[in-house]
Structures are given as structure tokens and as C-alpha cells.
Amino acid sequence: MATSIRQFNIELYEEHLEEASFLYEQRLAYLVDPELTWKDLDEFEERFEAHIDALVVGKDLALEVCKTQCSSGDFGELHAAMRVFCRQDRSDLAFAVLQGIDTDDEEVTQAVIDALKCECPEAWYDDLVRILLGSQNHLVTVLGPVLAYRRVPVEEALLKIISQSDEVGLPSLLWSLGRVGGEDARAAINPHLTSNNEAVAKAACHALIRLGDYHAIRHGLLVAQAKPWPILALAIGGNHTAVNVLTDIVKSEKVSDEALLALGMLGDLSSVTHIFDCLMNPERAMAAAEALQTITGAVLQEEVFIPDEIDPDELFDEEREKYEQTGKVPTRPGGEPFGENVVQISINPDTWRQWLTDHKQQFDTKLRYRHGKPISPAASLYCLMDEYTPYRVRELVCDEMVVRYGAQLALEADMRVSEQERLLNDLVEWVRENQPKFAAGQWYFAGKPME
762 MATSIRQFNI
772 ELYEEHLEEA
782 SFLYEQRLAY
792 LVDPELTWKD
802 LDEFEERFEA
812 HIDALVVGKD
822 LALEVCKTQC
832 SSGDFGELHA
842 AMRVFCRQDR
852 SDLAFAVLQG
862 IDTDDEEVTQ
872 AVIDALKCEC
882 PEAWYDDLVR
892 ILLGSQNHLV
902 TVLGPVLAYR
912 RVPVEEALLK
922 IISQSDEVGL
932 PSLLWSLGRV
942 GGEDARAAIN
952 PHLTSNNEAV
962 AKAACHALIR
972 LGDYHAIRHG
982 LLVAQAKPWP
992 ILALAIGGNH
1002 TAVNVLTDIV
1012 KSEKVSDEAL
1022 LALGMLGDLS
1032 SVTHIFDCLM
1042 NPERAMAAAE
1052 ALQTITGAVL
1062 QEEVFIPDEI
1072 DPDELFDEER
1082 EKYEQTGKVP
1092 TRPGGEPFGE
1102 NVVQISINPD
1112 TWRQWLTDHK
1122 QQFDTKLRYR
1132 HGKPISPAAS
1142 LYCLMDEYTP
1152 YRVRELVCDE
1162 MVVRYGAQLA
1172 LEADMRVSEQ
1182 ERLLNDLVEW
1192 VRENQPKFAA
1202 GQWYFAGKPM
1212 E
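Here you go:
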């Protein structure tokens, strides 16, 4: 029990941090949850915002609590505390966290990155660049992505440190250069395209195609049959040759969710049959359905029962013994298994077969499609705005708008809903002005037609 007003307020601020931590972790999970649309996250973000506001209003005492929880709380509380430090313009407290961060702890590192992505004051940029160029090399993987995400012009700084970076830090540096780089960046990135480290090669490929270098696609076409890392780059920058390469993969034992997603992004109708066949594979059915939805725009949903995962350690002794001997899971009193009914995109082959049969006349085999429309900047914009578009598709479409059409796009699929809506409004204007430059349903790269 609180024995003073001060103690009462401390406990209140601790509770705000605890609730903010829960909502942050919940948002991370819901970001990729197929049951929720990207707009559904707005509710959680508003609830999170209320707790941050309360901590900001708490001023010095709330800052003390935030400072304490940075070291003794969980990564979600650290994230919330960093957001408060940014709002209060307390660079001294935020930089102290950076100095002591353990970059081997992925959850902690990502929590700090996410906080700075959302809240970092512009007044801190110069200091962060100086830290980036300083002797604490472990902060490169934190500050590079933050500054690039916010589109701070740090190409020169990143190029100074790329030659000194190890393979652990290189992917984040390459990702960052793909957002803020130019011709000099292309020259510096190119040698990493042939790295034996697949994470480095993949990041280099994505960065290069965002910067308009088609050589990376050619290399990816040669590598994709042997290694999976070029697949998503082909999805956002390839043409009919990429369709053929990916179709061969989907028809083989090497079929993967990424290959199906890539064919969905390419939108070539010749691949629909092969994607449909993967609905018969329980391990690939959901990816196949999402790929078909990406091409056709069909909103086919079904209610399915998802059983709870069984953790033997959480069972009573009698239940565990029976489970280990027979494999039978505990059930409700009426005999029904524990779990829940959820609504998800249909993976029923009969449902998809019927839809494709009923709607085949509305598609022209000479064109590529996105959400049922001949692919174009406008069709991709519609895909981004459609609340039912899965997170990983929206993530790729953001890249695709840059890679294919040369859009100067700052939108990222993990941004707050309010920020995404603001940037999508800007993109509406860009599409209105630039749509006439592009023939719907055709292949483009860096704003130019492809063969």
C-alpha cells in the first residue's frame, strides 16, 4: 500500500509503464496476425499513447521511474521509457541507454530501435550521427536503421563505416543505404552482392534494386534455384523470367512460402494454376491462398478451429501421463478440444476453384494483376490502402513502389496507423500525377519499361 502521495504516484507510473509494455508486445504480435487488419492496430496504438501521455505529464518523477525501469524492467518497459525520453527531449537519458545497450539481446535492441523510429527528435540527429561515426561500433546496427527509417540524409556517414563493419552489422547498414543512398552507395554495396553470408547478400540485393541497379536482379535470377535469398527481390523487381524461375521452384520440392508470395507479387496469370496446386499442401496452403488473393483481390474467408498448443509442463500429472502415453490432448467437459474459432482467408481448394471459374473472364492473360486490377501504381496504392492486405504483402508493395516506379516513398508497413494514413494521402497525390506514365499490367523497373 502506498504510504505517501509520492509513493502513490511512483506506483501509478510503474503501472503505466507495465501497461505500455504489454501493449507494445501485443502490437508486435498483432502486426503479423492474419486475423487482424493493419487498421485494427490503431486501437492498440491509441491505448499505448494514453499511457505515454500520462508519463509525459508526470514530468520529473515519471522520468525517474522510467530511468529505473530501463535497467530493471522488461524490454517493453524500456521501449516505453525511451519514447518518454524522446517526448521530453531528454537526450541525456536516451543516450545513456544507448551507451549501455546489449546489442546481443535482440528484443532489447529492437525495442530501442522502434522507440527511436517513432519518436526521435530532429534536434538529436547531428548527435546521433556523431555517435554513429564514433568508436562504439555496436551502435551502428541501432542508429543506422533509425536514421535511414526517418530518411535522414546519412549516406556519407554510412559509407565511412561500411568498410569497417563486420558481417553481423552489414545487413542493417545495407538496408539503411537502400533507403538513403545514391550512386556512391551503389558502388559500395555491389561487392557484397556475392557475399557467402546469405543475410549480407540478401540485404545488398534489396538495397541495390531500391537504388535502381538491375544487375542485382540478373544475379538473383542465377542464384535463386540454388539459394532462397534472392526470391523476394525477384518478387518486386523481376519480370517474366523471374516468373519462370519461381514457377520451377514452386513446382519442385524446394517450394516455399516466399516463392508463393513472390509469384503473387509478380501477378502473372500463368502462375495461378501452380499456386492453386499448392492449396493441396497443408504446409503451403495459407501462403498459396495469400498469393492468389494478391493477384485476384478475392476476399474469400472461412471460419476454422485452431486448437490450443499443448505444453506438457502445464498439464496435471494425470493429463500429462495420458498425453505422453496416447497423444490425446485434454478436452472440455463435453469432449471438445481447447481452442478457438477464427476467421481467416480460405484455403479450401473447392472455394478457390469455383471463384476462379466464375471470374476468369475478367482477366486478360497478357496483363499482370494486383488485387484483381491490371498492375500499376494505382493498383499497388489500392493494395496498400486495403485493410485486408497482409502485412508481409504491404511490406513488399512499399518496396515495389520504389523499385518499379521510382516513387520517393518514406512509407514503411510497420509505422503507426496514423502515420501510414498521412503518408498514403501523400502517395495518392503522387499516383495521380504519375499514373499516366505507366501502362497498366506491364513490367517496369526504376520507372522504365522492361522487356
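Quick note, the sequence shown lines up with residues 762 to 1212 if you use the numbering used here. Idealized CB from N, CA, C, for every residue including glycine.
The Cβ atoms of P989 and K1015 sit closer than 9 Å to each other. Cβ-Cβ distances below 8 Å link E916 to L938, V941, G942, G943, D945 and A946 in the same chain, with the five nearest sequence neighbours on each side left out; the list follows chain order. DSSP places I1056 within a helical segment (H, G or I) once states are collapsed to three.
In the displayed model, K878 falls within a helix according to three-state DSSP. Straight through space, the alpha carbons of P906 and R912 are spaced by roughly 10 Å.
Taking 4 residues as the shortest admissible run, the region 972-1056 contains the following complete alpha helix (DSSP H) segments, listed from N- to C-terminal end: 976-984, 992-998, 1001-1011, 1018-1027 and 1033-1038. According to DSSP, residue pairing for Q1062 in a beta bridge involves I1106.
Under the three-state reduction of DSSP, F783 is assigned to helix. Boundaries of the alpha helix (DSSP H) around I950: E944 to I950. For H840, the uninterrupted alpha helix (DSSP H) segment begins and ends at F836 to R848. The C-alpha of D803 is placed about 26 Å away from the C-alpha of A1052. Sequence-distant partners of I1010 (beyond 5 residues in either direction) whose C-beta falls short of 8 Å from its own C-beta, in its chain, are A985, Q986, I992, V1016, S1017 and A1020.
Between L969 and L954, the gap from beta carbon to beta carbon is short of 9 Å. Taking the CA atoms as reference points, N951 sits about 28 Å from G1028. In this chain, the alpha helix (DSSP H) harbouring S1179 covers V1178 to N1195. The beta carbon of H1035 sits closer than 8 Å to those of T1008, V1011, K1012 and L1024, all from its chain and outside the five residues before and after it, given in chain order.
Bounds of the alpha helix (DSSP H) holding W936 are L931 to V941. The count of Cβ pairs closer than 8 Å, one atom from the region 1189-1207 and one from the region 1124-1141, reaches three, so the stretches are in contact. Along the region 1120-1170, the beta strand (DSSP E) does not occur as any fully enclosed run of 3 or more residues. Put simply, of P882, F836, L822 and A949 the residue whose alpha carbon is nearest the alpha carbon of D866 is F836. The three-state reading of DSSP puts P1210 in strand, counting E and B together. Note that the C-beta distance between I922 and N958 is not below 9 Å. If you check the CB distance, V961 and P932 come in under 9 Å. Its chain contains I862, D863, T864, T902 and V903 as the residues whose beta carbon lies nearer than 8 Å to that of T870, once the 5 sequence neighbours on both sides are disregarded; these appear in chain order. Taking C-beta atoms under 8 Å as the contact rule, L1022 and A1048 qualify, at a distance of about 6 Å. In this model, S924 and D794 are separated by some 38 Å (Cα to Cα).
By the CB criterion at 9 Å, M1026 and A1059 fall outside the cutoff.
Distance from the Cα of A815 is smallest, within the candidate group L778, E825 and A918, for L778.
Assignment of beta-bridge partners to Y1205 by DSSP yields P1210. Remark: C-beta atoms of Y1152 and W799 approach each other more closely than 9 Å.
With 16 or more other Cβ atoms inside 10 Å of its own Cβ, H967 counts as buried.
Here I766 is exposed, its C-beta having fewer than 16 other C-beta atoms within 10 Å. For P795, the secondary structure class from DSSP, reduced to helix, strand or coil, is coil.
In this structure, the beta-carbon distance from A918 to L935 does not fall below 9 Å.
CA-to-CA, the gap between F783 and D1160 works out to about 30 Å.
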